[in-house]
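K.L.:
Just so we're aligned: the first sequence equals residues 50 to 422 in our numbering.
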Amino acid sequence: MFEFHLQATEGAARAGTLCLPHGRIETPAFMPVGTHGVVRGLSPGDVRRTGAQIVLGNTYHLHLRPGESVVRQMGGLHRFTTWTGPMLTDSGGFQVFSLEGLRRIGEDGVEFQSHVDGTYRTLTPEGAIEIQAALGADIAMVFDHVVPGQAPHELAREGMERTLRWLDRCKRRHEELADGRQTLWPIVQGGTHDDLRRRSLEGTLERGPWTGVAIGGLSVGESKPVMHRVLEALEPVLPRETPRYLMGVGFPADLLEGIARGVDLFDCVAATRNGRHGTAWVPGGRVNVRGAALKGSTEPLDPECDCETCTTYPRGYLRHLFVVEDMLGLRLVSLHNIRFLVRLGEQARAHILAGTFDGWSRAWLRRHYARGT
RNA sequence: GGUGGGGUGACCGAGUGGCUAAUGGUAGCAGACUGUAAAUCUGCCGGGCUCUGCCCUACGUAGGUUCGAAUCCUACCCCCACCA
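Next comes the structure, spelled out in structure tokens:
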């Protein structure tokens, strides 16, 4: 349980298999985001048919609604959602960042004002672990302190050191509650400052061993080159036999850039959010599904894609669904975008196993960037 | 035939002498979105140009009053309601 086996590497890129209580994940892999216990707009069957192997849920949101006690009473997140595969719950640390203005950070934890009903809720490292234990995902995440990508050294250091202190508390509470069915992954912080990142990773590894290590606090306002630099700085220090999870990333190109720098697992809301907003990813760029250019088009959204959307519906109909604001359009484009990222992971894996990843990904990225995206 | 109300940019609809190329909304067009406060948000939306400004056209039609009119006056056309 919680084992990770590397099948092949090519440069820093890796192909592996992660074994979890609810199933295996072949990496590199994209994990769709189901914050509220649902990948927005999609049924578990939809998600399964995209080839996604693991789904993410959120501690903070599920704590607010329906409340972890309800989920536990119903048999845990798997029974609650009927998703039978592996799951991971994020700790609510990202909400420390995204709900800035609705929260106050203290050493003990974070006081949030609920965006749902205005009530005040305190989330502590121990509380985040308790909630996640009740939710019962395969992987729980440490409660961390995310700072913006432009955060100066002082602020980034503060967040990084606090994350490390909270890591100790999370680990202790997790061990107290351990039932062998859930593992805990730490999160490396440190903003865009290499010295902080290094210290964060070293401090994290000292507290190990871990069944996985997450890199957090990226894609929060910093530039791509900076994100790549951080990944390159961390890669040689990360344990080879441990899966690496780059949190909150990303867009299609980000997946390949991350895989090339040794990342095994990704998650991102962009696939579903962009899907709902009418932006579809296609080879070489993206398509504005609402755009006038699609009117009357009988072409598939992405002729290279094998998803339900692309094998069934013409572009002109998908555009129509957005024009008339039918929910089917949101679902179909979200479905495609997830399949697009999942397939990108599958392709990357196949190329790593074949030793052709470098050339393939460079060509893919060249085609992608050629259209200015 | 009479009385009353009304005709504003693709549509709906404010505006009743200068700050009005004309509030809003809709439709249309474009863009943004990275561990989801997001089926959301932003921008453009009469035409042209030598484009931080200038010119042309425009509030049913044609005249008029005025330094200045979508706004006031006259005539005409059309729409709606009620009465014959």
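Ideal Cβ placement from N, Cα and C applies to all residues, glycine included.
The model shown is predicted, which means the values in this text are computed figures rather than measured ones.
1. Report yes or no: do the stretch 76 to 83 and the stretch 308 to 316 share at least 3 C-beta pairs separated by less than 8 Å?
2. Rounding to the nearest angstrom, what Cα-Cα distance links F53 and R153 in this structure?
3. For W330, I'd like the list of residues in its chain whose CB is within less than 6 Å of its CB, leaving aside the five on either flank, ordered along the chain.
4. Less than 8 Å between the C-beta atoms of E75 and Q102, yes or no?
5. Any chance you could list the alpha helix (DSSP H) runs of at least 4 consecutive residues sitting entirely within the stretch 73 to 108, in chain order?
6. At 3 residues or longer, and completely inside the stretch 237 to 300: list those beta strand (DSSP E) runs for me, N to C.
7. Quick one: complete alpha helix (DSSP H) runs, 4+ long, within the stretch 119 to 143?
8. Give me the Cα-Cα distance between P235 and L113, rounded to the nearest whole angstrom.
9. May I have the straight-line CA-CA distance separating R380 from G90, to the nearest angstrom?
10. Can you name the start and end residues of the beta strand (DSSP E) that F371 belongs to?
11. Can you round the beta-carbon distance between P201 and G270 to whole angstroms, since I take them to be within the 8 Å contact cut?
12. According to DSSP, is D303 part of a helix, a strand, or is it coil?
13. Could you please give the first and the last residue of the uninterrupted alpha helix (DSSP H) stretch that includes F406?
14. What's the call for T422, buried or exposed, on a 16-neighbour Cβ count within 10 Å?
15. Quick one: using the 10 Å Cβ neighbour count with 16 as the cut-off for buried, is V159 buried or exposed?
16. Under the three-state reduction of DSSP, which class applies to H400: helix, strand or coil?
17. Pairing CB atoms from the stretch 106 to 126 with CB atoms from the stretch 409 to 420, are three or more of them under 8 Å?
18. If you follow the alpha helix (DSSP H) that A342 is in, where does it begin and where does it stop?
19. Classify M276: buried if its beta carbon has 16 or more other beta carbons within 10 angstroms, exposed otherwise.
20. In angstroms, rounded to a whole number, what distance separates the CA positions of W354 and P332?
21. Would you check if there are 3 or more beta carbon pairs closer than 8 Å linking the stretch 182 to 192 to the stretch 133 to 143?
22. CB-CB under 6 Å to G141, same chain, minus the five flanking residues each way: which ones, in chain order?
23. Starting from the Cα of L213, find the closest Cα among L254, D244 and Q181 and give me that residue.
24. Bridge partners of C68, per DSSP?
25. Would you kindly work out how many angstroms separate the C-alpha atoms of F143 and Q238, rounded to a whole number?
26. Would Q56 be called buried (16 or more neighbouring beta carbons within 10 Å of its own) or exposed?
27. Three or more C-beta pairs under 8 Å: does that hold for the stretch 287 to 298 against the stretch 257 to 266?
28. Under three-state DSSP, which class holds F53?
29. Pick from C359, V391, L377 and V165: whose alpha carbon is nearest that of L111?
P.N.:
On the basis of the coordinates in this document:
1. yes
2. 37 Å
3. P301, N386 and F389
4. yes
5. 93 to 98
6. 262 to 264 and 293 to 295
7. 126 to 130
8. 23 Å
9. 5 Å
10. Element bounds for F371: not the beta strand (DSSP E) but the alpha helix (DSSP H), R364 to V372.
11. Actually they do not touch by this definition, with Cβ atoms about 13 Å apart.
12. helix
13. F406 to A419
14. Because T422 sits at a pLDDT of 49, beneath the cut-off of 50, its placement in the model cannot be relied upon, and the following sentence gives the value as read from the coordinates. Classification for T422: exposed.
15. buried
16. helix
17. no
18. Run containing A342: none; DSSP gives neither H nor E here.
19. buried
20. Note that residue 354 is Cys in the sequence shown, not Trp. For C354 and P332, the distance between alpha carbons rounds to 9 Å.
21. yes
22. T108, Y109, L172 and A177
23. L254
24. R73
25. 12 Å
26. exposed
27. yes
28. strand
29. V165
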